[in-house]
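Peer 1:
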Amino acid sequence: SKKEVSTVSKNTQTLYQHGTLALLVPGLLAGTQTIGELMHHGDTGIGTLTGLDGELIMRAGQVYQVNADGHVRIVGPEEQVPFANVHYQDDRAVGKITDQNFAGIKATILQAMGTSNVFYAVRLVGEFDQVQTRAVRGTQQPPFGTLAETAKAQSVFNATDIAGTLSGYYSPAIYGGATSPGFHLHFLDDEPTFGGHVLDAKVRRATLYLQEFTDLQLHLPTGNEQFRQEQFNTDEVLRDINQAEN
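Position one of the sequence shown corresponds to residue 596 (the numbering used here), numbered consecutively onward.
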């Protein structure tokens, strides 16, 4: 008998996001989507686990957590996220970045994008003179603290002369609150044994890959009663996101 092969079309034009940055601000940190479900929407991305526990890096369909002790582990499909972004990787190399500090890296990426009004996936792969990351020490059990309170319990890590990938997203500032405005970048080395949310970096030589999105799919945790009842303060949301994410 003739065997039929089923091919699922992967939408590479859509950036999928579960949750909003805004819901983290008052401490809505309960996991509301499993990693298994999240990975039905992409194979690459970033996020955090229940309780803001550590930093997630998703690459080639594998999900890694960098926790507040600096350990890197593979995350299981049953674990949950309050917030994450994923997409199907289909980026293209747009050039090299050499000998640039973090401000220079971001300026070069913006120049390569040619616009600040579109969502992009960013991947910078190569050798770094220095990378500084952080990972938040969250809790898997409620009651959860606010974003500002939880973000204070973070560990900062420094690495020098390291090969790896800086990856994440650029979100236009006008969508701040729903997203993290500007760049939201995580790092994972080639081993992988080092990573986290990027606070600072100096690249020696790396290839920049970009992927432009025409669509943002925002998936809300409508089954979470605390989310349904929360009264969000827009000014507070943007202030605390900027403090916690930069």
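The beta-carbon is built from N, C-alpha and C at its ideal position, and this holds for glycine as well. In this text, all values refer to a predicted model and were calculated from it rather than measured experimentally.
#1: Quick check: what's the CA-CA separation for GLN684 versus SER775?
#2: Taking the C-alpha atoms as reference points, what is the distance between GLY631 and ASN828?
#3: Is LEU805 closer than 7 Å to TYR659 when the C-beta atoms are compared?
#4: Grab the span of the alpha helix (DSSP H) containing GLN821 for me, first residue to last.
#5: With a threshold of 7 Å between beta-carbons, can GLY777 be considered close to chain C, or not?
#6: Let me know if GLU820 comes out buried or exposed under the rule of 16 or more other beta-carbons within 10 Å of its beta-carbon.
#7: Is it true that the segment 726-745 meets the segment 831-841, where meeting means three or more beta-carbon pairs spaced less than 8 Å apart?
#8: Could you check what DSSP says for PHE697 in three-state terms: helix, strand or coil?
#9: May I have a chain-ordered list of the alpha helix (DSSP H) segments no shorter than 4 residues that lie completely inside the segment 743-781?
#10: Does ASP638 come out as helix, strand or coil in the three-state DSSP assignment?
#11: Need the endpoints of the alpha helix (DSSP H) that ARG834 sits in, please.
#12: I need the boundaries of the beta strand (DSSP E) containing LEU813, first residue and last residue.
#13: Just verifying my parser: in three-state terms, what is the DSSP assignment at LEU805?
#14: Return the bridge partner residues of ASN680 from the DSSP annotation.
#15: Residues in the same chain with beta-carbon distance under 7 Å from PRO787, minus the five sequence neighbours each way, listed in chain order, please.
#16: Is the Cβ-Cβ distance between VAL793 and LEU803 less than 7 Å?
#17: Between GLY791 and ASN696, what straight-line distance do the alpha-carbon atoms span, to the nearest angstrom?
#18: Within the same chain, show all residues whose beta-carbon is closer than 8 Å to that of THR809, passing over the 5 residues directly before and after it, in chain order.
#19: Please go through the same chain and pick out, in chain order, the residues whose beta-carbon is closer than 6 Å to the beta-carbon of LEU719, but skip the five residues on each side of it.
#20: Using only CA atoms, which one of ASP830, TYR765, THR755, ALA702 lies nearest to ILE641?
Peer 2: In brief:
#1: Against the sequence shown, residue 684 aligns to sequence position 89. Against the sequence shown, residue 775 aligns to sequence position 180. Near 20 Å, if we compare the C-alpha coordinates of SER775 and GLN684.
#2: Your numbering for residue 631 matches position 36 in the sequence shown. Your numbering for residue 828 matches position 233 in the sequence shown. Cα to Cα, the separation comes out at about 32 Å.
#3: Looking up residue 659 in the sequence shown gives position 64. Looking up residue 805 in the sequence shown gives position 210. The answer is no: Cβ separation not under 7 Å.
#4: In the sequence shown, residue 821 corresponds to position 226, counting from 1. Element bounds for GLN821: 820-824.
#5: Of the chains in the structure shown, none is chain C; there is only one protein chain.
#6: Taking the first residue of the sequence shown as 1, we reach residue 820 at position 225. Under this definition GLU820 is an exposed residue.
#7: yes
#8: Here residue 697 is taken as the residue at index 102 of the sequence shown, counted from 1. PHE697 falls in the helix class under three-state DSSP.
#9: none
#10: As a first step, residue 638 is located in the sequence shown; it is residue number 43 there, counting from the start. The answer is coil: DSSP assigns ASP638 none of H, G, I, E or B.
#11: Here residue 834 refers to the residue found at position 239 of the sequence shown. 829-840 is the extent of the alpha helix (DSSP H) around ARG834.
#12: On the sequence shown, position 218 is the one that residue 813 refers to. Start and end: 810-814.
#13: Position 210 of the sequence shown holds residue 805. Of the three classes helix, strand and coil, the one that applies to LEU805 here is strand, per DSSP.
#14: Translated into positions along the sequence shown, residue 680 becomes position 85. DSSP output for ASN680 lists GLN612, ILE641 as bridge partner(s).
#15: In the sequence shown, the residue the question calls residue 787 occupies position 192. If you ignore the 5 residues before and after PRO787, its C-beta comes within less than 7 Å of the C-beta of TYR659, VAL667, all in its own chain and listed in chain order.
#16: Numbered from 1 along the sequence shown, position 198 holds the residue referred to as residue 793. Numbered from 1 along the sequence shown, position 208 holds the residue referred to as residue 803. Against a cut-off of 7 Å, the Cβ pair of LEU803 and VAL793 comes out as no contact.
#17: In the sequence shown, the residue the question calls residue 791 occupies position 196. In the sequence shown, the residue the question calls residue 696 occupies position 101. Rounded to the nearest angstrom, the two C-alpha atoms are 18 Å apart.
#18: Residue mapping note: residue 809 aligns to position 214 of the sequence shown, counting from 1. The beta carbon of THR809 lies closer than 8 Å to those of GLN608, THR609 in the same chain, with the five residues before and after it left out.
#19: Locating residue 719 in the sequence shown gives position 124, counting from the first residue. Cβ contact annotation for LEU719 (same chain, cutoff 6 Å, sequence separation greater than five): LEU761, ALA801, LEU803, in chain order.
#20: Residue mapping note: residue 641 aligns to position 46 of the sequence shown, counting from 1. It is TYR765 whose Cα lies nearest to the Cα of ILE641.
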